[in-house]
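Q:
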Amino acid sequence: MNKYIKSTLVYCSVLSAVVPAISNAQDSNDELAEAEFERIVISGKLKQSLRNATVSVSILNEDTLKDLNAQSLSDYITRVPGVVFNDYQPGVSEVVIRGVASTTYHEANQATTGYYLNEIPLIEPGFPLVIPDVDSFDLQRVEVLRGPQGTLFGSSSLGGAVNYVVNEADVNDFDMGIETMLSSTSGVDQKNHAIKGMVNMPIIEDKLALRLVGFQRFDSGYLDNKLLGEDGSNDLTVEGLRGSLVFTPSESTTISATMMSQEYNLEDQTYVIFNDDPETFERNTNVAEHQLTDFKLFSLRLEQELPFATFTAIASSVEKTGDLAFDYSIFGGNDPRTDTPLLAFGLGESSTDFLEFRLASKNVNTLEWQVGVNLTNLESKSTSANYIEGIADYVDSNPDDFDDQAGSVLAPDDFAERTDSSNDVSEKAIFGELTYHMSEALSLTVGGRLFEYEISNTLDFLPNTDLIEPFSFTPDEADENGFIPKIAVSYDINDDFLIYSSYSEGFRIGGVNVFSAANTDLPLTFNSDSTSNFEIGTKFELFNGKAKFDATVYHIEWDDIQARLYTPGDYKAYTVNGGGADINGIELTIDLQLTEALRFNTSMSYNDAELSDVLPDTFAVGGGYASGTQLPGASDLILASTITMNLDGEMEPTISLSHRYLSKAPVAFGASLEKGGYNIVDLNATAMISDEMQASIFIKNLGDTYGILSAPFSFAGSVTRPRTLGASFKYSF
Numbered sequence: 001m002n003k004y005i006k007s008t009l010v011y012c013s014v015l016s017a018v019v020p021a022i023s024n025a026q027d028s029n030d031e032l033a034e035a036e037f038e039r040i041v042i043s044g045k046l047k048q049s050l051r052n053a054t055v056s057v058s059i060l061n062e063d064t065l066k067d068l069n070a071q072s073l074s075d076y077i078t079r080v081p082g083v084v085f086n087d088y089q090p091g092v093s094e095v096v097i098r099g100v101a102s103t104t105y106h107e108a109n110q111a112t113t114g115y116y117l118n119e120i121p122l123i124e125p126g127f128p129l130v131i132p133d134v135d136s137f138d139l140q141r142v143e144v145l146r147g148p149q150g151t152l153f154g155s156s157s158l159g160g161a162v163n164y165v166v167n168e169a170d171v172n173d174f175d176m177g178i179e180t181m182l183s184s185t186s187g188v189d190q191k192n193h194a195i196k197g198m199v200n201m202p203i204i205e206d207k208l209a210l211r212l213v214g215f216q217r218f219d220s221g222y223l224d225n226k227l228l229g230e231d232g233s234n235d236l237t238v239e240g241l242r243g244s245l246v247f248t249p250s251e252s253t254t255i256s257a258t259m260m261s262q263e264y265n266l267e268d269q270t271y272v273i274f275n276d277d278p279e280t281f282e283r284n285t286n287v288a289e290h291q292l293t294d295f296k297l298f299s300l301r302l303e304q305e306l307p308f309a310t311f312t313a314i315a316s317s318v319e320k321t322g323d324l325a326f327d328y329s330i331f332g333g334n335d336p337r338t339d340t341p342l343l344a345f346g347l348g349e350s351s352t353d354f355l356e357f358r359l360a361s362k363n364v365n366t367l368e369w370q371v372g373v374n375l376t377n378l379e380s381k382s383t384s385a386n387y388i389e390g391i392a393d394y395v396d397s398n399p400d401d402f403d404d405q406a407g408s409v410l411a412p413d414d415f416a417e418r419t420d421s422s423n424d425v426s427e428k429a430i431f432g433e434l435t436y437h438m439s440e441a442l443s444l445t446v447g448g449r450l451f452e453y454e455i456s457n458t459l460d461f462l463p464n465t466d467l468i469e470p471f472s473f474t475p476d477e478a479d480e481n482g483f484i485p486k487i488a489v490s491y492d493i494n495d496d497f498l499i500y501s502s503y504s505e506g507f508r509i510g511g512v513n514v515f516s517a518a519n520t521d522l523p524l525t526f527n528s529d530s531t532s533n534f535e536i537g538t539k540f541e542l543f544n545g546k547a548k549f550d551a552t553v554y555h556i557e558w559d560d561i562q563a564r565l566y567t568p569g570d571y572k573a574y575t576v577n578g579g580g581a582d583i584n585g586i587e588l589t590i591d592l593q594l595t596e597a598l599r600f601n602t603s604m605s606y607n608d609a610e611l612s613d614v615l616p617d618t619f620a621v622g623g624g625y626a627s628g629t630q631l632p633g634a635s636d637l638i639l640a641s642t643i644t645m646n647l648d649g650e651m652e653p654t655i656s657l658s659h660r661y662l663s664k665a666p667v668a669f670g671a672s673l674e675k676g677g678y679n680i681v682d683l684n685a686t687a688m689i690s691d692e693m694q695a696s697i698f699i700k701n702l703g704d705t706y707g708i709l710s711a712p713f714s715f716a717g718s719v720t721r722p723r724t725l726g727a728s729f730k731y732s733f
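In the numbering used here, the protein residues as written are 1 to 733.
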């Protein structure tokens, strides 16, 4: 705690020294400051200024992402207050908001954060095969809503939501952009590189336009797999394509179609085995543990201006596939029967269809309102199998040990254990929100979501070499319904000072424990869980907009936690309900335009996230985890700051220095290993070669800091990428 206090005092000392200088900044920055303060957010599904939103929301715009040389979530998401990124395998890494998580890996069911692209859900109502990390190129902005968002967004947003807003086709102007990047990671021979391009083409002036975006990125591996003799084994290739078609047949009608495909090809997983080396970059597996994931999105949107409201209709389909390998021999060596490793393989696919209709008031007067309905349908299938080379022949050679059953029956193609599962979920929901402006200063917002889920699951455990009785588990179709309320009160003290208080809820549906099929001591199903959030916040500015402040105090109650736990020995994941958690926190964001050339922004978060009741665990000492146990990965203190200097000169050079600090937190319930406890510093410099061309150099992890990012167990986890030096080139026309 003393360390946290000292770090905070250093930040406060810096602020106390620089705030008096703000009033000396040039008035030429006023328009820029005001424009940024009034950026429009659509995450609430109702257009409003950032300042007037009665929710804790952070926005990273396109210029910010460019200045950071951002490629993916890990480059920018941790700069948002209250946010921790469980940076594990690409394509399944999770954003955690306000400490609402039961693991630093990924949840065994739905994530606790909702993910959206132009309001289209990217996360399905069930286990996500892919958690899309949308490439940063040609993003208009990324919105991060902190606190439960169940009223407008439905299940999964227990802690908050991330909404990617991509640029859509512009019917007025031709536009083209190219970005290239080349960088080198310390201790790695191969270079990281990327090439990305965009073209916007009006087809019929003011009526029809097409925008195409394509990209490929290669991140060189920085871990060495000693058993395979492979240096830099965890190479990652990300490829994608986005398309937007916009048609405006009249001033009041806009029809847009969006297509996106993004594929992650990870050649070997990103965790290391720590053993006795606290700062290792080594892993030891018998095979390359590949992970191939991809998602495809198709959507159609209609915006129709009516005399009294705006009508919006959205239809989308998101398809995902996943293919991974895992070497279980790292836990206990080779199988003693064949002296070959036990390997696990997983295949899955899912399809989520989404349909939403809503009406929203057009003009701000005494009443602002919106009402809508949406339908969601998920169909998913997955297969998991354990492979032991030679096990089928071993079964045939030892018939007495296997009840005279053939190897082709118990272990076809040497698959010693096989599980098939399916998950069908449909949701129907009606939602709405009403804001009553009781006076020019005082406003009341109430909202709610009435929902019903129908869930149908199957689980087939097939013949196996452990002679566990095969079975098919098809629980009765489950119905779950409820109401999610929201209420907020805001008061404008003056044009520059807003205070608000709000109550919101989030929820997550239940499911089936796939891996419990091979362990009769574990529950086959688990139930839904929910969060309730109380917060008080203020947003204000000083010195004619040169200083902006956003502060929030919150309390979250998490009931019937879906906790991800593991079996001893083979570490198979399963989920149980139990206990609850109390989360109390403070978030502060400060943005200071110190001079015409110098800008400083910082975010500070203190988060106390602990169990409020005993969480049962059959395999834990004492049968569970006591009240007061810290939630996995819920760091107490998060600090992030950037200072930017715009220098005079023909090329408009800009230099920025960014710092992040994350305090330590356990990686799992009952784990001795901790993540965090490190400082990361990044340096970026840009210059305009011409009006169309920008060149940048950057150093990520300037101090070459080693830190644990996430870990499912106390002996293995993902670690920070070593110092990376690179350059990028951006051209726009």
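Just so it is clear, CB atoms sit at the ideal spot from N, CA and C, and this is done for glycine as well.
(1) In angstroms with no decimal places, state the Cα-to-Cα distance between Gln71 and Met181.
(2) How far does the alpha helix (DSSP H) with Lys66 in it reach, from first residue to last?
(3) Is Ser74 helix, strand or coil by DSSP?
(4) Assign Arg721 to buried or exposed, taking buried as 16 or more other Cβ atoms, counted over all protein chains shown, within 10 Å of its Cβ.
(5) By Cβ distance, which residues of its chain are closer than 6 angstroms to Phe311, with the 5 residues on each side in sequence left out?
(6) Mapping DSSP to helix, strand and coil, what is Leu152?
(7) Can you check which of these residues, Glu62, Ala161, Ser56 and Ser656, is closest to Gly506 by C-alpha distance?
(8) From Gly333 to Ser384, what does the alpha carbon distance come to, in whole angstroms?
(9) Leaving aside the five residues before and after Leu122 along the sequence, list all residues of the same chain whose C-beta is less than 7 angstroms from its C-beta, in chain order.
(10) Hey, out of Glu674, Val719 and Leu647, whose CA is closest to Met688's CA?
(11) Indicate the three-state DSSP secondary structure (helix, strand or coil) for Asp277 in the structure shown.
(12) Nearest to Lys675 by CA position, among Leu375, Thr104, Ser299 and Ser439, is which residue?
(13) Please check the pair Thr445 and Glu433, which I expect to be a contact at CB under 8 angstroms, by giving their CB distance rounded to whole angstroms.
(14) Alpha carbon to alpha carbon, how far is Pro712 from Tyr566? Give it in angstroms, no decimals.
(15) Entirely within the region 397 to 461 and at least 4 residues each: give me those alpha helix (DSSP H) ranges in chain order.
(16) Is the beta carbon of Asp327 closer than 8 angstroms to that of Pro341?
(17) Determine the burial state of Lys539: buried for a count of at least 16 other Cβ atoms within 10 Å of its Cβ, exposed for fewer.
(18) Exposed or buried, what is Lys572 when buried is set at 16 or more other beta-carbons lying within 10 Å of its beta-carbon?
(19) Between the C-alpha atoms of Met201 and Glu692, what's the straight-line distance to the nearest angstrom?
(20) Comparing C-alpha positions only, which one of Ser233, Asn365, Thr525 and Ser718 sits nearest to Phe308?
(21) Which residues does DSSP list as the beta-bridge partners of Thr113?
(22) Within its chain, find whatever has a CB closer than 8 angstroms to the CB of Ala411; leave out the 5 residues flanking it on each side and keep chain order.
(23) In three-state DSSP terms, what is Asp206?
(24) Per the DSSP calculation, Glu674 is bridged to which residue(s)?
(25) Out of curiosity, what's the CA-to-CA distance linking Glu595 and Val553?
(26) Looking only at its own chain, which residues have a Cβ that is under 6 angstroms from the Cβ of Leu196, when we skip the five neighbours before and after it?
(27) Taking the straight line between their C-alpha atoms, what separation do you get for Ser456 and Lys664?
(28) Below 8 angstroms CB to CB, which residues in the same chain sit around Leu498 once its five sequence neighbours on both sides are set aside?
(29) Based on Cα-Cα distance, which residue from Gly229, Asn234, Val213 and Arg217 lies nearest to Leu223?
(30) What is the rounded straight-line gap between the Cα of Phe543 and the Cα of Gly346?
(31) Could you pull out every residue in the same chain whose Cβ sits closer than 6 angstroms to the Cβ of Gln110, ignoring the five residues on either side in sequence?
(32) Report the option in Ala344, Thr321, Arg599 and Val134 whose CA atom is closest to the CA atom of Asn118.
(33) Could you check if Ala626 is buried or exposed, using at least 16 other CB atoms within 10 Å of its CB as the buried criterion?
(34) Can you tell which of Asn584, Thr686, Asp87 and Thr321 has its C-alpha closest to the C-alpha of Leu297?
(35) Report the three-state DSSP secondary structure of Val80 (helix, strand or coil).
A: Put simply:
(1) Here residue 71 is taken as the residue at index 71 of the sequence shown, counted from 1. Here residue 181 is taken as the residue at index 181 of the sequence shown, counted from 1. Whole-angstrom Cα-Cα distance: 10 angstroms.
(2) On the sequence shown, position 66 is the one that residue 66 refers to. Residues Glu62 to Asp67.
(3) Here residue 74 refers to the residue found at position 74 when the sequence shown is read from its first residue. Three-state DSSP puts Ser74 in a helix.
(4) Against the sequence shown, residue 721 aligns to sequence position 721. It counts as buried.
(5) Against the sequence shown, residue 311 aligns to sequence position 311. Closer than 6 angstroms at Cβ, skipping near neighbours: Gln304 and Leu359.
(6) Numbered from its first residue, the sequence shown carries residue 152 at position 152. Helix, per DSSP.
(7) For this step, residue 506 is matched to residue 506 along the sequence shown. Ranking the options by Cα distance to Gly506, first place goes to Ala161.
(8) Reading the sequence shown from its first residue, position 333 is the one you call residue 333. Reading the sequence shown from its first residue, position 384 is the one you call residue 384. Using only the alpha carbons, I get a separation of about 20 angstroms.
(9) As a first step, residue 122 must be located in the sequence shown, where it is residue number 122. Cβ within range, chain order: Tyr115, Tyr116, Pro132 and Val318.
(10) Within the sequence shown, numbered from 1, the residue matching residue 688 stands at position 688. Of the candidates Glu674, Val719 and Leu647, the one whose C-alpha sits nearest the C-alpha of Met688 is Leu647.
(11) Position 277 of the sequence shown, counted from the start, is the residue given in the question as residue 277. Coil at Asp277, not helix or strand.
(12) For the purposes of this step, residue 675 is identified with residue 675 of the sequence shown, where counting begins at 1. Per the Cα distances, Thr104.
(13) What you label residue 445 is simply residue 445 of the sequence shown in a count that begins at 1. What you label residue 433 is simply residue 433 of the sequence shown in a count that begins at 1. Thr445 to Glu433, Cβ: 6 angstroms. Contact.
(14) Here residue 566 is taken as the residue at index 566 of the sequence shown, counted from 1. Here residue 712 is taken as the residue at index 712 of the sequence shown, counted from 1. Cα to Cα, Tyr566 sits roughly 9 angstroms from Pro712.
(15) 407 to 410
(16) In the sequence shown, the residue the question calls residue 341 occupies position 341. In the sequence shown, the residue the question calls residue 327 occupies position 327. Their beta carbons are under 8 angstroms apart, which means Pro341 touches Asp327 by this criterion.
(17) As a working note, residue 539 is residue 539 in the sequence shown. Classification for Lys539: buried.
(18) Here residue 572 refers to the residue found at position 572 of the sequence shown. The residue in question, Lys572, is buried, as its Cβ has 16 or more Cβ neighbours within 10 Å.
(19) By 1-based counting over the sequence shown, the position of residue 201 is 201. By 1-based counting over the sequence shown, the position of residue 692 is 692. Approximately 18 angstroms, taken between the alpha carbons.
(20) The residue labelled residue 308 in the question sits at position 308 within the sequence shown. Residue Asn365 is the option with its Cα nearest to Phe308.
(21) On the sequence shown, position 113 is the one that residue 113 refers to. According to DSSP, which records beta bridges pairwise, Thr113 is partnered with Gly160.
(22) As a first step, residue 411 must be located in the sequence shown, where it is residue number 411. Contacts found: Ile388, Ile391, Ala392, Val395, Asn464 and Thr465.
(23) If you number the sequence shown from 1, residue 206 lands on position 206. Coil at Asp206, not helix or strand.
(24) As a first step, residue 674 must be located in the sequence shown, where it is residue number 674. Per DSSP, Pro666.
(25) Working through the sequence shown from its first residue, we reach residue 595 at position 595. Working through the sequence shown from its first residue, we reach residue 553 at position 553. Here the sequence assigns Thr to residue 595, which means Glu is not the residue at that position. If I take the Cα positions, the gap works out to 30 angstroms.
(26) Position 196 of the sequence shown, counting from 1, holds the residue named residue 196. Correcting the residue identity first, residue 196 is Lys in this sequence and not Leu. Hits under 6 angstroms: Phe137, Glu179 and Phe215.
(27) Working through the sequence shown from its first residue, we reach residue 456 at position 456. Working through the sequence shown from its first residue, we reach residue 664 at position 664. Their Cα atoms are separated by approximately 40 angstroms.
(28) Counting from 1 along the sequence shown, the entry for residue 498 is found at position 498. Only Arg51, Asn52, Ser490, Tyr491, Asp492, Thr538, Lys539 and Phe540 meet the Cβ criterion.
(29) For the purposes of this step, residue 223 is taken as the residue at position 223 of the sequence shown. Looking at the Cα atoms, Asn234 is the closest of the given residues.
(30) Counted from its first residue, the sequence shown places residue 543 at position 543. Counted from its first residue, the sequence shown places residue 346 at position 346. If I take the Cα positions, the gap works out to 57 angstroms.
(31) For the purposes of this step, residue 110 is taken as residue 110 along the sequence shown, with counting starting at 1. Same-chain partners within the cutoff: Ser156 and Arg508.
(32) Residue 118 sits at position 118 when you count from the first residue of the sequence shown. Ranking the options by Cα distance to Asn118, first place goes to Val134.
(33) Residue mapping note: residue 626 aligns to position 626 of the sequence shown, counting from 1. Classification for Ala626: exposed.
(34) Taking the sequence shown and counting its residues from 1, one reaches residue 297 at position 297. Answer by Cα proximity: Thr321.
(35) Sequence index remark: in the sequence shown, residue 80 carries index 80 (1-based). Three-state result, Val80: coil.
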